[in-house]
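Enquirer:
Protein chains: 2
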Amino acid sequence: MLFLDSLAGKSTARMPVWLMRQAGRYLPEYRALRTKAKNFLSFCYTPDLAIEATLQPIRRFWFDAAILFSDILVIPDALGVNVRFVENEGPVLEPVSADAIKGLSPARALSHLAPVFAAVRGIRAALPGETALIGFAGAPWTVATYMIEGRGGTDHEKSRAFAAAQPEAFAQLLAVIEAATIDYLIAQIDAGVNVLQLFDSWASSVPQALRRQAVFEPTARIVAAVKAKAPNIPIIGFPRGIGLDLARYVAATGVDAVSLDQSVDIFTARKVLGAHVTTQGNLDPVLLADAPEAAMASARAIMAAASGMPHIFNLGHGILPRTPIEHVERLVALLRGGA
Amino acid sequence: MLFLDSLAGKSTARMPVWLMRQAGRYLPEYRALRTKAKNFLSFCYTPDLAIEATLQPIRRFWFDAAILFSDILVIPDALGVNVRFVENEGPVLEPVSADAIKGLSPARALSHLAPVFAAVRGIRAALPGETALIGFAGAPWTVATYMIEGRGGTDHEKSRAFAAAQPEAFAQLLAVIEAATIDYLIAQIDAGVNVLQLFDSWASSVPQALRRQAVFEPTARIVAAVKAKAPNIPIIGFPRGIGLDLARYVAATGVDAVSLDQSVDIFTARKVLGAHVTTQGNLDPVLLADAPEAAMASARAIMAAASGMPHIFNLGHGILPRTPIEHVERLVALLRGGA
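Heads up: the sequence lines are chains A and B, in that order. Counting from 1 along the first sequence, just add 1126 to a position and that's the residue number in my numbering. Counting from 1 along the second sequence, just add 1126 to a position and that's the residue number in my numbering.
Okay, here's the thing in structure tokens:
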């Protein structure tokens, strides 16, 4: 597969391309499909719906990789935390206390997630042989912030305060998420995914004093545990907003590739990472949504910057729901050498 | 002054210290004073109140620098934009359209800001000779995000979309803010400030394609214009979340010093910056609020990391309103060699 060749650092005939959240609300067929489940988690846990949502963007755009349709918050849900997705507001969770953390157990999580693995099997069976299937999970810090704060956020002051004031409970929480995530990723591989991505979407908010404990070490253990079982499955890390620690993240965790958000200068990233690390991403999703000419110019600049180096074309963050489909078509044509 | 010596790169007997938002809600005397004005902007524009708020933390803790009590949003207010501060919600502004931007004029801004300069004169007259007075402004991108979004935020998608879809209006907006900011900072110097800090609190959200236009170039022009009038006034930049671009920011803008938030590894920062740039900040405000032992340990680690290099002790972000005063007392004692 072109996608796996690029992740292996091989030079490829063209740059592979997929888009974060490519299965999602910018597609009318996704919006129609979504009405068939009463809530977002049911949608994720109904294999036929998750399979169809995953395949929709592949049929339209022939991306080089499909990504399992799911959510990083299936892990807290599988651990027994009450998780809801509220329209126009995002996820709402029952915030965990130190006592509640003691009661969390990853033991039953896998059976709760059985429909996800059924979806993976169905997707892999339906996908063309040349299309890679990406499985994924949230990294422990990012999942922990949702569990502590009870919702999304950005500076995660409550999580930082929890870590400072209740260090044992915080360590326990990270450990439970880590254990559940390892089982979850290995089960995704057993069901047929070819690649994994670890989303540390809130790496930006981790204070320096916690970076080792909350980012580098748990991610390194997850990568090592997965590699021990499946040495040939490449792992892409996405430590969004990791800043000056980008190279340290890659060296400390052992990920095979690293996804760059739109704030990163790709030349600087290449300089600090060295030529052997595959990079991914970097195009501003706002450009693709609102300024197609600027998006195509920026895409060409990324392709030129990454020329001769392994790079997977992608956005710096998920595709925006308002993105016109024609903009995606133009982008894919550009990547395939047609524009 | 110890503070200016450190900014000049001289070795000093001890590390100077101040705290962002040191004049603020964690102080009972501030909360009492605040009731004397009907709203937050009136408070900022009443010289006696702004003077007293600025001096309160100096009397308590003998910080090495006072910072003018004001807000970065006095610039949009002075440009004629409707700015309100809503309790427990933060600032609310009338979002600017491309047409409204054409109507903005920095010409009358300075006279609107006369009470700020009166406050500066009063503060400088009242401060001990060894205490530096810091003036400040928001950097253009950060101020522009509030004017475009109408409120705070973090990913500033609306601002990025505005820049992509209406590049001329966006450039005009940055130019108006830049011009008003230059006038404002020079007038602060004329009134008696000894140091300036430029808060680019949302540098994190600037996509790579806009960094030159929205961060490096306007900041460089502001620094150059201020230095042309007042070559001896040091300027501290605070490009919060600038990530891999930290060294580029310092090189491109000409600031004398750079403030580091709590996510930055100070050793890595020193490595990329070189030894001649004064650094500031880095202590997680959450530790000072919630975990005093961890805060003191972290403060000692920062002091050790910066030993032999010019560093101004500070937090990575503003002091939190819930911070106990005794924690600040312990921190100051530590910095003064008493603990």
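No residue lacks a Cβ here, since even glycine has one placed at the ideal position from N, Cα and C. Note that the structure is a prediction, hence the values are computed from the model and not measured.
If contacts are defined as beta-carbon pairs under 8 Å, then Trp1188(B) and Trp1267(B) qualify, I think. What distance do you get, rounded to the angstrom?
Expert: The Cβ separation is near 35 Å, so there is no contact.
Enquirer: In chain B, which residues lie with their C-beta within 8 Å of the C-beta of Leu1370(A)?
Expert: Residues of chain B passing the Cβ test: Gly1369, Leu1370, Leu1372, Val1390, Asp1391, Thr1394, Ala1395, Val1398.
Enquirer: Could you please give me the residues that DSSP links to Ala1326(B) through a beta bridge?
Expert: Here residue 1326(B) is Asp; the residue named in the question, Ala, does not match the sequence. DSSP output for Asp1326(B) lists Pro1365(B) as bridge partner(s).
Enquirer: Select from Thr1280(B), Leu1199(B), Ala1192(B), Leu1236(B) the residue whose C-alpha is nearest the C-alpha of Gly1248(B).
Expert: Here the closest residue by C-alpha is Ala1192(B).
Enquirer: Rounded to whole angstroms, how far is the Cβ of Leu1194(B) from the Cβ of Leu1259(B), which I believe are closer than 8 Å?
Expert: Yes, Leu1194(B) and Leu1259(B) are in contact; Cβ-Cβ is about 7 Å, under 8 Å.
Enquirer: Residues of chain A with a CB under 8 Å from the CB of Val1332(B): which are they?
Expert: Going along chain A in sequence order, the residues near Val1332(B) (Cβ under 8 Å) are Ser1389.
Enquirer: What whole-angstrom Cβ distance do Ile1362(A) and Val1352(A) have, given they're in contact under 8 Å?
Expert: Not quite, the Cβ-Cβ distance comes to about 12 Å (not below 8 Å), so this is no contact.
Enquirer: Please list, in chain order, the chain B residues whose beta carbon lies closer than 8 Å to that of Glu1283(A).
Expert: Per Cβ cutoff of 8 Å: Val1412, Leu1446.
Enquirer: With C-beta atoms as the reference, is Gly1264(B) less than 8 Å away from Ile1201(B)?
Expert: Yes. Within cutoff.
Enquirer: Could you spell out where the alpha helix (DSSP H) holding Ser1285(A) opens and where it closes?
Expert: Taken as a continuous stretch (DSSP letters only), the alpha helix (DSSP H) holding Ser1285(A) covers 1283-1291.
Enquirer: Given a threshold of 16 other Cβ atoms within 10 Å of its Cβ, counted over all protein chains shown, does Ala1465(A) qualify as buried or as exposed?
Expert: At Ala1465(A) the pLDDT is 48, less than 50, meaning the model places this residue with poor confidence and gives no usable figure here.
Enquirer: For a cutoff of 8 Å on Cβ pairs, would you count Asp1326(B) as touching chain A?
Expert: Chain A, which has no Cβ nearer than 8 Å to the Cβ of Asp1326(B), makes this no.
Enquirer: Could you check the C-alpha separation between Leu1153(A) and Val1349(A) for me, to the nearest Å?
Expert: C-alpha separation (whole angstroms): 33 Å.
Enquirer: Flag Ala1335(A) as yes if its beta-carbon sits less than 8 Å from any beta-carbon of chain B, otherwise no.
Expert: Chain B contact via Cβ: present.
Enquirer: On the DSSP bridge assignment, give the partners of Phe1129(A) in chain order.
Expert: In the DSSP output, where bridge partners are listed per residue, Phe1129(A) has none listed.
Enquirer: Can you tell me which of Ala1431(B), Ala1420(B), Pro1447(B) puts its alpha carbon nearest to the alpha carbon of Arg1456(B)?
Expert: With distances taken between Cα atoms, Arg1456(B) lies closest to Ala1420(B).
Enquirer: Please name the residues in the stretch 1268-1297 of chain A whose beta-carbon is closer than 7 Å to at least one beta-carbon of chain B, in chain order.
Expert: Of all residues in the stretch 1268-1297 of chain A, Thr1280, Glu1283, Arg1286, Ala1287, Ala1290, Ala1291 have a Cβ within less than 7 Å of some Cβ in chain B.
Enquirer: Taking 8 Å as the CB-CB cut-off, is Ser1168(A) touching chain B?
Expert: No, no contact with chain B.
Enquirer: So what's Ala1465(B) in DSSP terms, helix, strand or just coil?
Expert: Because Ala1465(B) carries a pLDDT of 49, less than 50, the predicted location of this residue cannot be relied on, and no value is offered for it.
Enquirer: Please determine, among Ser1132(A), Pro1142(A), Pro1411(A), Thr1379(A), the residue with the shortest C-alpha to C-alpha distance to Ala1459(A).
Expert: Of the listed residues, the one whose Cα sits closest to Ala1459(A) is Pro1142(A).
Enquirer: Which class does Gln1406(A) belong to by DSSP, given the choice of helix, strand or coil?
Expert: Correct three-state label for Gln1406(A): strand.
Enquirer: Quick one: what's Phe1211(B) bridged to in DSSP?
Expert: Paired residue(s): Pro1217(B).
Enquirer: Let me know the alpha helix (DSSP H) ranges lying completely inside the stretch 1327-1353 of chain B, each 4 residues or longer, listed in chain order.
Expert: Runs found: 1334-1337.
Enquirer: Nearest-angstrom Cα distance between Pro1450(B) and Arg1250(B)?
Expert: Cα-Cα distance, rounded: 28 Å.
Enquirer: Identify the residues that DSSP records as bridge partners of Gly1261(A): which are they?
Expert: According to DSSP, Gly1261(A) bridges with Leu1322(A).
Enquirer: How would you list, in chain order, the residues of chain B whose beta-carbon sits under 7 Å from the beta-carbon of Ala1417(A)?
Expert: The answer, in chain order, is Ala1290, Ala1291.
Enquirer: In terms of residues, what are the limits of the alpha helix (DSSP H) holding Val1384(B)?
Expert: Looking at the DSSP string, Val1384(B) is not in any alpha helix (DSSP H); the run it does join, the beta strand (DSSP E), is 1383-1386.
Enquirer: Determine whether the beta carbon atoms of Met1435(A) and Ala1401(A) lie at a separation below 8 Å.
Expert: The answer is yes: Cβ separation under 8 Å.
Enquirer: Take Phe1129(A) and list the residues in its own chain whose beta-carbon comes closer than 6 Å to its own, dropping the five residues that flank it on each side.
Expert: Excluding sequence neighbours, Phe1129(A) sits near Pro1142, Asp1190, Ala1191, Ala1258.
Enquirer: Can you name the residues that DSSP bridges to His1437(B)?
Expert: According to DSSP, His1437(B) bridges with Thr1405(B).
Enquirer: How long is the line joining the alpha carbons of Arg1147(B) and His1453(A), rounded to whole angstroms?
Expert: Rounded to whole angstroms, Arg1147(B) to His1453(A) spans 45 Å at the Cα level.
Enquirer: Give me the Cα-Cα distance between Arg1210(A) and Thr1307(B), rounded to the nearest whole angstrom.
Expert: If you take the alpha carbons of Arg1210(A) and Thr1307(B), they lie about 45 Å apart.
Enquirer: Considering only residues of the same chain and omitting the five flanking positions on each side of Ala1205(B), which have a CB-CB separation below 7 Å?
Expert: The amino acid at residue 1205(B) is misidentified as Ala; the sequence shows Leu. So the list reads Leu1230, Pro1232, Ala1235, Val1302, Ala1306, once near-sequence residues are dropped.
Enquirer: Quick one: Cα of Phe1296(A) to Cα of Leu1322(A), how far?
Expert: Roughly 26 Å between the two C-alpha positions.
Enquirer: For Asn1408(B), count neighbouring C-beta atoms within 10 Å of its own C-beta (all shown protein chains included) and say buried if the count is 16 or more, exposed if not.
Expert: Buried.
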